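Residue numbers (the numbering used here), protein chains in the order written: chain A, 1182 to 1290; chain B, 120 to 232. For every residue, glycine included, the Cβ atom is placed at its ideal position computed from N, Cα and C. Just so it is clear, the structure is predicted and the values come from calculations on it, not from any experiment.
Here's what the structure looks like:
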């Protein structure tokens, strides 16, 4: 089955700027989750948004969900060098779990 | 709490050899998962276990078998390794299948020559 799509594939910004990543999916979802992966490490859960929610916040993270467009976005505000990582969305639908291919974020000091 | 642990961290196999990857969680989670991650890609689900005593195929199950030994442990077996199985393998667990966030182990880097 085809994985979800994320864009951009890579994003390079300066410290203090905001970073926005997008995820498109193909089916009706139970929820959509965002994860971070530092190089060579396991994934760390950031935020989960349910299909009946439109926006969630957690610290400097803001996630939106548009079920009519089958898309979600992750906004990281006031980015830091420590935010440098790959970011993945995960759509859960019925018994299916599908990760996106990820966005590589580089935050330059 | 250790969270999710995986052994070994690294492994090199020759084509045709077999091995078992071990995974354990101490969070009393019902559901456990095995994924593989190839360079520059997202994770693909190999097998999952919704609860103790049950296992189901994911997106890429061919060439693998799993055992949910008890609530804590979920192992992944490669019966006859192939170079196409060179990858990083991650185990994860969650409170309930698909409803809650997943917690990941550190991964096993497997090379098949």
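- prompt: Between which two residues does the beta strand (DSSP E) harbouring residue 1194 of chain A extend?
  reply: What you label residue 1194 of chain A is simply residue 13 of the first chain in a count that begins at 1. Element bounds for residue 1194 of chain A: 1191-1195.
message: Here's the rule I'm using: 16 or more other beta-carbon atoms within 10 Å means buried, otherwise exposed. How should residue 157 of chain B be labelled?
response: For the purposes of this step, residue 157 of chain B is taken as residue 38 along the second chain, with counting starting at 1. Residue 157 of chain B comes out exposed.
field: Neighbourhood of residue 228 of chain B by C-beta, 6 Å cutoff - its chain only, sequence neighbours within 5 removed
entry: Numbered from 1 along the second chain, position 109 holds the residue referred to as residue 228 of chain B. Excluding sequence neighbours, residue 228 of chain B sits near 129 and 207.
message: Let's test the definition: count the other Cβ atoms within 10 Å of the Cβ of residue 1288 of chain A and tell me whether it reaches 16, buried, or not, exposed.
response: Position 107 of the first chain, counted from the start, is the residue given in the question as residue 1288 of chain A. By the 10 Å Cβ count, residue 1288 of chain A comes out buried.
query: How big is the Cα-Cα spacing for residue 1204 of chain A and residue 1215 of chain A?
result: Taking the first residue of the first chain as 1, we reach residue 1204 of chain A at position 23. Taking the first residue of the first chain as 1, we reach residue 1215 of chain A at position 34. Taking the straight line joining both Cα atoms gives about 10 Å.
- request: Decide if the region 1265-1278 of chain A is in contact with the region 1206-1221 of chain A; the criterion is three or more beta carbon pairs, one per stretch, under 8 Å apart.
  value: yes
message: Which residue marks the beginning of the beta strand (DSSP E) containing residue 1211 of chain A, and which one marks its end?
response: Locating residue 1211 of chain A in the first chain gives position 30, counting from the first residue. First-last for residue 1211 of chain A: undefined, no H or E at that position.
query: Could you give the distance in angstroms between the alpha-carbon of residue 1228 of chain A and the alpha-carbon of residue 182 of chain B?
result: Within the first chain, the letter at position 47 stands for residue 1228 of chain A. Within the second chain, the letter at position 63 stands for residue 182 of chain B. The straight-line gap from Cα to Cα measures roughly 33 Å.
- request: Could you name each continuous beta strand (DSSP E) segment of 3 residues or more that falls completely within the region 144-208 of chain B, going from the start of the chain to the end?
  value: 150-156, 162-168, 183-187 and 193-197
message: Judging by CA-CA distance, which residue of B:153, B:201, B:223 and B:171 is the nearest neighbour of residue 187 of chain B?
response: Within the second chain, the letter at position 68 stands for residue 187 of chain B. If we check each option's Cα against that of residue 187 of chain B, B:171 comes out closest.
task: Say whether chain B places a C-beta atom closer than 8 Å to the C-beta of residue 1182 of chain A.
output: Reading the first chain from its first residue, position 1 is the one you call residue 1182 of chain A. Because residue 1182 of chain A sits at a pLDDT of 32, beneath the cut-off of 50, its placement in the model cannot be relied upon, and the following sentence gives the value as read from the coordinates. Yes, residue 1182 of chain A counts as interfacial toward chain B.
field: residue 1187 of chain A, enclosing beta strand (DSSP E) - first and last residue
entry: Stepping through the first chain from its first residue, residue 1187 of chain A is reached at position 6. From DSSP, the beta strand (DSSP E) with residue 1187 of chain A extends over 1186-1188.
Own chain residues within Cβ distance below 8 Å of residue 1199 of chain A, not counting five before or after: Here residue 1199 of chain A is taken as the residue at index 18 of the first chain, counted from 1. The residues are 1256, 1257, 1258, 1259 and 1260.
- prompt: Taking 8 Å as the CB-CB limit, is residue 217 of chain B close to chain A?
  reply: As a first step, residue 217 of chain B is located in the second chain; it is residue number 98 there, counting from the start. Closer than 8 Å to some Cβ of chain A, the Cβ of residue 217 of chain B qualifies, so yes.
Classification of residue 1182 of chain A by the beta-carbon crowding that lies within 10 angstroms, buried from 16 upward: To locate residue 1182 of chain A, count along the first chain from 1; it is residue 1. Confidence is the limiting factor: at residue 1182 of chain A the pLDDT is only 32, short of 50, which leaves the residue's position unreliable, though a coordinate-based value still follows. That one is exposed.
message: Just to confirm my understanding: we take residue 192 of chain B, look at its own chain, exclude 5 residues before and 5 after, and list those with CB closer than 6 Å. What are they?
response: For the purposes of this step, residue 192 of chain B is identified with residue 73 of the second chain, where counting begins at 1. Closer than 6 Å at the Cβ level, and outside the excluded window around residue 192 of chain B, lie 143.
- request: Look at the Cβ atom of residue 1187 of chain A, then the Cβ atom of residue 1282 of chain A, and state whether they are nearer than 8 Å.
  value: Reading the first chain from its first residue, position 6 is the one you call residue 1187 of chain A. Reading the first chain from its first residue, position 101 is the one you call residue 1282 of chain A. Yes. Within cutoff.
query: Does any C-beta atom of chain B lie closer than 8 Å to the C-beta of residue 1238 of chain A?
result: Here residue 1238 of chain A is taken as the residue at index 57 of the first chain, counted from 1. So no, residue 1238 of chain A is outside the interface.
- prompt: Which residue's Cα is closest to the Cα of residue 1250 of chain A: A:1201, A:1210, A:1195 and A:1189?
  reply: If you number the first chain from 1, residue 1250 of chain A lands on position 69. For residue 1250 of chain A, the nearest C-alpha among the options comes from A:1210.
- request: Taking all protein chains shown into account, decide if residue 135 of chain B is buried (16 or more other Cβ within 10 angstroms of its Cβ) or exposed.
  value: Taking the first residue of the second chain as position 1, residue 135 of chain B is located at position 16. The residue in question, residue 135 of chain B, is exposed, as its Cβ has fewer than 16 Cβ neighbours within 10 Å.
- request: Would you decide whether residue 151 of chain B is buried or exposed? Buried here means 16 or more other CB atoms lie within 10 Å of its CB.
  value: Sequence index remark: in the second chain, residue 151 of chain B carries index 32 (1-based). So residue 151 of chain B ends up on the buried side.
query: For residue 1214 of chain A, which residues in chain B fall below 8 Å Cβ to Cβ?
result: Here residue 1214 of chain A refers to the residue found at position 33 of the first chain. Chain B residues near residue 1214 of chain A: 220 and 221.
query: Is the CB of residue 225 of chain B under 8 Å away from at least one CB in chain A?
result: Walking along the second chain from the start, residue 225 of chain B turns up at place 106. So, interface residue.
- prompt: So residue 1279 of chain A and residue 1202 of chain A are in contact, right, with Cβ under 8 Å, and what is the actual spacing, rounded?
  reply: Taking the first chain and counting its residues from 1, one reaches residue 1279 of chain A at position 98. Taking the first chain and counting its residues from 1, one reaches residue 1202 of chain A at position 21. About 16 Å; that fails the 8 Å criterion.
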